[in-house]
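Protein chains in written order, with my numbering: chain A, 33 to 855; chain B, 777 to 1063.
Every residue, glycine too, gets a C-beta built ideally from N, C-alpha and C.
Below is one structure; the comments refer to it alone.
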């Protein structure tokens, strides 16, 4: 049975029908079923681990059992013929240590070797590698390796990194920070002096493991005869990965490296980095001149793949009694782990949090401190949302606290501070340029759709000794998407992600192949990009193929991350298809002997003036590719069009969203139950609303995980306590309710169709919305959420503490706020 | 995450399995049935047997029989899913099928229930498993087959501690035998942070005609623990539903052995809380 026949596209209600002045599209804006789902639903997807390569050897790493120490010796196991053992010394003539840099004052970088040279800095760091005929055999050998490590004192928290007796993590550093800065925007001091209320809160977001279904993995094949490295991997950016490999490997340039990315089972930012494991694998393949495979297991993933968040936050809001925010102060202290990941570095979380904090609010006076500490834990880096979940948590939780103090409904307090619709383009205090937005109606939609009034009434009607208390919470965010080179340059990024490319090929039958530089890890590019091509060319979806993930095939580009693919790769497809169509018009005009302007396009044909026979694309393709003697003078044969799209504005298209959660808290166990979850989102013109919904659903599941379950734990000796999924709890179907989504479409003025990216928004609002809802439920009991995840244990312990304080007649624990007389 | 090398044999009968367990020299032989706990432990190299004896194909161990005295004998390789799917209207003692269905259906996920077995769960004796406390409360006996024949151990005395049981070297859990007397009322509760997770607290309460309430706690970190519940004390607790639950909770909290989660107020509260819920369910329900 054929699952999803793309030609029988499901035509849903066009969201723009209600908006006057927007054209109705044939393909864009419709929830077309994804052709790529057929293979996945049949278990016929092909991931790195599925690639059969006769004779490929298997690699296992020897990892550090301690968090910090000096490696005194590493003794090889007893090897059988065909097996090999590798340490740093064996690879130093093939692979350079990874050094991630940021062009910002005060940023400190350090080498991250693919195998530890003299020191190990986190439990799980790679020390040696063993290659054998099977993974099991390689693991047998790996556990026979004797490693002598002299332990060093361990830094197990960001705060400990700054203590006077803390050991220095990296040679030559001026302290244990990757980066720290304080920046002040606007007339901060004056605004603070004018404020009537000053409210300070502290929060903590725990460390997360991004946890894609498919762990990391690669198959390196070095062909000595050709001198070429074929590197199969599951990454988000094939060309960037090739650049990184060429930079790190000694004596092999890009033109001799082919990166192939088959199906990827989720990435979420964790697969943007170049990892020591990947580099070691490539180096060993080159040394051996053979194929070597490393497929990461879940324990390795939870030990050593890029982790994220772990953000201690302090926020002070300076406001008027009517809730207008006059100034905002934020401090982010992030535990960045032992090394910076290439290329985003361990500073990415704190820097992003500080940069985006003002969000959708009209805040002109702002002071932010961002500190990224170096500790003896696994490295951190980008994970869907990067910094924004933390900024959202700090901002939105504190807004609810302010609303409570001032006696204003939280949604009303937000409405008073939202950027007005006529203020766009709006430049934020930190210099972000929001292209368009229309925020107040989104707040109205959320309040209406959540039945806010009914929740308040139900709370009023709750018996004092009721076991369950319900609460409602909101959280806002804006999401910068599809920003390009200048924006990354301004942030100090060494790699600048300026454009994406598409090559459009029409064959002699008139069907299309798109080669794109972005690389889907589940987003459905094969559908959305084909929809755009279909829209421009009138060619139906089932006659369009999309190819990606092979540096020998697709044009150069930067890949998929930072919510950019639809705008940039979609823009490139739009542009390249426009050129194809233009060429078809020119050929048709010549054949019909009419002016190109007199022609129209539709139903895979070029139509001339009334009474003439339309020329099907297949006929025009025949002329362009075969019967080239019929071409007009000066027109090259061939129908391949390459286009690299660099948007006219480099500061990005800004999507926005409000998340709303309704929860029930069991005060006898502390357990939180999600009763309702709503997302009101605006990503401009949606290309495929079903895919947008999917992005939201998946992101919300991750947000719920962070809000209620997920937490990487280390003990005081830097020993990880969460190395299996029995300890690191991911949300399942039981924990994720049906997510309701309301769409709004505020178009971007400078992107094709007015689209904006939407990859990350879904996971940003969860901790804040749920934290606010739990706090709302427990207002009368003196408990407020200060940590994500909100665990049943924390809630119950806080209820006990609040109960005993109340019993003793003590004030609430939180030194809430100070009042100043109005001036 | 691959197991250390081991040899493997599949037994066709219980006798063959018992014979295969006869250990030679420093061999470490383990029985594998559904493998839902042993599999991950092998892969994590937390256990490293030299030989595995697979019993899951032994048809005789997959039988559920109603005995002449009205009791029920469940073969060791009966899966949780088979118990979850027990047909109604059979000749089981009143209430028993409901309890088995409820408890089995709450174990982990369906995929795990389709392979995991009741005998394997008992032999593994993870404190957070559902069967040790449930079968103790149900007054079951565990049948063991060994080189010198068969013997039975009361379920309440079967689990001795964390991963520790009354199984002697060379023995295999062959069946669970449940008594034929009917269950009047019952309750089973557990607290998990997410569906399918190992429980942090678990309690089962069984009331038979004219008998006292059997209350057993699981997830204690060791063997299941019986709580003596005095009917008179229970009857004295009155008030609203919330007050009654609090009263039962306090009663159980007072009876909770000190060895359970010492120093962890929340964990101790949870044990009492789920036990109170199981007792309240029992008092409120009639099967």
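Listed along the chain, the chain B residues whose CB falls inside 7 Å of the CB of residue 499 (chain A) are 1018. Using a Cβ-Cβ cut-off of 8 Å, residue 237 (chain A) does not count as an interface residue toward chain B, since no Cβ of chain B sits closer than that to its own. Straight through space, the alpha carbons of residue 818 (chain A) and residue 743 (chain A) are spaced by roughly 15 Å. For a cut-off of 8 Å, the C-beta gap from residue 301 (chain A) to residue 466 (chain A) is around 23 Å, too long to register as a contact. Of all alpha-carbon atoms in A:352, A:666, A:791 and A:288, the one lying nearest the alpha-carbon of residue 597 (chain A) is that of A:791.
Residue 810 (chain B) is outside the set of residues whose beta carbon lies under 8 Å from a beta carbon in chain A. Straight across, the Cα-Cα distance linking residue 616 (chain A) with residue 432 (chain A) is about 58 Å. For residue 391 (chain A), the closest of A:421, A:374 and A:376 by C-alpha to C-alpha distance is A:421. No Cβ of chain B is located within less than 8 Å of the beta carbon of residue 801 (chain A).
In this structure, residue 561 (chain A) places its C-beta atom within 8 Å of the C-beta atom of residue 578 (chain A). When the Cα atoms are used, residue 502 (chain A) and residue 976 (chain B) turn out to be separated by approximately 24 Å. In summary, residue 952 (chain B) is buried, with 16 or more beta-carbon neighbours lying within 10 Å of its beta-carbon over all protein chains present. Against chain A, the CB of residue 882 (chain B) has no partner CB under 8 Å away; the residue lies outside that interface. Apart from sequence neighbours up to five positions away, no residue of its chain approaches residue 832 (chain A) with a beta-carbon distance below 6 Å. At a beta-carbon threshold of 8 Å, the residues of chain B lying near residue 331 (chain A) are 777 and 820, ordered along the chain.
Taken in chain order, the whole alpha helix (DSSP H) runs of length 4 or more contained in the region 244-281 of chain A are 270-280.
Taking C-beta atoms under 8 Å as the contact rule, residue 552 (chain A) and residue 532 (chain A) fail to qualify, at a distance of about 13 Å. Sixteen is the threshold: since fewer than 16 other Cβ atoms of the shown chains lie within 10 Å of the Cβ of residue 660 (chain A), the residue is exposed.
In the DSSP secondary-structure assignment, residue 689 (chain A) is bridged to A:509 and A:713. When the five nearest sequence neighbours on each side are left out, the beta carbons in the same chain lying within less than 8 Å of the beta carbon of residue 329 (chain A) are those of 247, in order along the chain. Neighbours of residue 973 (chain B) across chain A, judged by C-beta separation under 7 Å: 761.
Pairing residue 696 (chain A) with residue 710 (chain A) gives a Cβ-Cβ distance that is not under 8 Å. Excluding its 5 nearest sequence neighbours in each direction, residue 967 (chain B) has C-beta neighbours in its own chain below 7 Å: 975, 976, 977, 1046 and 1050, listed in chain order.
Contact annotation: the region 916-927 of chain B does not touch the region 882-891 of chain B, with fewer than three C-beta pairs closer than 8 Å.
Taking a Cβ-Cβ cut-off of 8 Å, the neighbours of residue 766 (chain A) in chain B comprise 970, 971 and 972, given in sequence order. One Cα belongs to residue 618 (chain A), the other to residue 641 (chain A), and the distance between them is close to 15 Å. Within the region 788-851 of chain B, the complete alpha helix (DSSP H) runs of at least 4 residues fall at 790-796 and 814-819.
For the C-beta of residue 780 (chain B), the chain A residues within less than 9 Å are, from N- to C-terminus, 168, 171, 172 and 175.
Under the Cβ distance rule, residue 701 (chain A) counts among the residues neighbouring chain B, one pair being separated by less than 8 Å. A Cβ-Cβ contact shorter than 8 Å links residue 90 (chain A) with residue 170 (chain A).
Closest option to residue 876 (chain B), judged by alpha-carbon separation, among B:1043, B:1053 and B:982: B:982.
The alpha carbon of residue 1035 (chain B) has as its nearest neighbour, out of B:1014, B:995 and B:1027, the alpha carbon of B:995. The count of Cβ pairs closer than 8 Å, one atom from the region 129-148 of chain A and one from the region 60-75 of chain A, stays below three, leaving the stretches out of contact. Sequence-ordered contacts of the region 809-835 of chain A with chain B read 823, 824, 825, 828, 829 and 832 [C-beta pairs closer than 8 Å]. The C-beta distance from residue 910 (chain B) to residue 879 (chain B) rounds to 5 Å, short enough to meet the 8 Å contact threshold.
Against chain A, a Cβ distance below 7 Å from residue 1046 (chain B) picks out 701.
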